[in-house]
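Asks: For the sequence shown, the positions run 87 to 162 when the working numbering is used. Heads up, the beta-carbon is just placed ideally off N, CA and C, and yes, glycines get one too. Every value quoted in this text rests on a predicted model; they were computed, and no experiment measured them.
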Amino acid sequence: MSNYSDLINVESLAEKRENFSPERWDVSFYCKDCEELVETNRPNPKGYTFKCIKCNGKNVAVGTEAGLKTNYRIKW
Ligand SMILES: [Zn+2]
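#1: Using the C-alpha atoms, what's the distance from G153 back to R159?
#2: What does the Cβ neighbour count give for C167, buried or exposed, with the cut at 16 atoms within 10 Å?
#3: Got a sec? Which residues, its chain only, sit under 8 angstroms from T156 by beta carbon, not counting five neighbours each side?
#4: To which residues of the same chain is I76 closer than 8 angstroms at the C-beta, ignoring the five residues directly before and after it?
#5: Straight-line CA distance for K144 to N130?
Written out as C-alpha cells, the structure reads:
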C-alpha cells in the first residue's frame with residue numbers, strides 16, 4: 087500500500103513511539119467512522135492529515151496493524 091518513505095512523520099503519532107519504526111513495522115490506517123482498516127489519501131503530503139478513501143473523512147487513526155487491532159478491537 088503506502089510508501090514507507092512518506093510515512094516517516096507518522097512516528098510522532100504512534101503511541102509507543104520508542105518502539106515504532108516505519109521501516110520495521112507495517113503502518114495501517116483505521117477509520118473510526120467506517121470502523122475498519124482503510125486506505126487513505128494525504129491531502130497535504132507533508133502534513134499529518136489522512137483522509138479515508140471510503141468516506142473521505144479525517145477521523146483516521148494511524149498505527150501498526152497489530153496496535154490498531156488491539157486499540158479498536160478489530161476482529162477478523
Ligand atoms: Zn471512513
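Replies: A quick look at the data gives this:
#1: What you label residue 159 is simply residue 73 of the sequence shown in a count that begins at 1. What you label residue 153 is simply residue 67 of the sequence shown in a count that begins at 1. Cα to Cα, R159 sits roughly 10 angstroms from G153.
#2: In the structure as shown, the chain starts at 87 and stops at 162, and residue 167 therefore has no counterpart that could be examined.
#3: Within the sequence shown, the letter at position 70 stands for residue 156. None.
#4: Any question about residue 76 goes unanswered here, given that the chain covers just 87 to 162.
#5: What you label residue 144 is simply residue 58 of the sequence shown in a count that begins at 1. What you label residue 130 is simply residue 44 of the sequence shown in a count that begins at 1. Taking the straight line from one Cα to the other gives about 12 angstroms.
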